[in-house]
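I have placed the structure first, in the form of structure tokens, so that the comments after it can refer back to it.
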Amino acid sequence: MAIEVRIPTILRQYTDGAKAVQGSGGTVAELIADLESRHAGIKARLIDDAKGDQLRRFVNVYLNDEDVRFLDGIDTKVTDGDSITILPAVAGGRA
């Protein structure tokens with residue numbers, strides 16, 4: 035069993051159009067590293083190296099519907115069977 039990662043439309047160019055991919059790792063950071071090994075370029079869209087390997091400001095990552103920022107960030111533990119959802123923050127609209 036693996037961890038299912040749901041990919042938003044804007045990042046599907048890195049997953050050959052796949053809406054969901056499988057990954058592995060013991061933490062969100064390890065999972066992202068695993069994704070990068072098979073889907074080159076995706077890590078740079080998720081992680082801000084200038085901020086000490088933290089999630090980019092406008093990227094939200096949910097572990098089983100829980101925002102990882104309110105858990106342990108990218109150090110949040112994950113296990114087989116978990117579901118990760120990546121959602122870019124959306125801004126705009128009328129003022």
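So for the sequence shown, this note's numbering puts the first residue at 35; every next one is plus one.
Backbone N, C-alpha and C define an ideal beta-carbon position, used for all residues, glycine too.
Small disclaimer: the values here were computed from a predicted structure and weren't measured.
- In the DSSP assignment, L65 falls outside any beta strand (DSSP E) and lies within the alpha helix (DSSP H) extending over V62 to R72.
- Separation of the CB atoms of I41 and A54 is rounded to 6 Å, and the pair is thereby assigned contact status at 8 Å.
- Taking the Cα of E64 as reference, the smallest distance to any Cα among D99, D50 and V39 is reached at V39.
- Here L89 carries a strand assignment [DSSP, helix/strand/coil].
- About 5 Å separates the Cβ atoms of V93 and L80, confirming a contact at the 8 Å cut-off.
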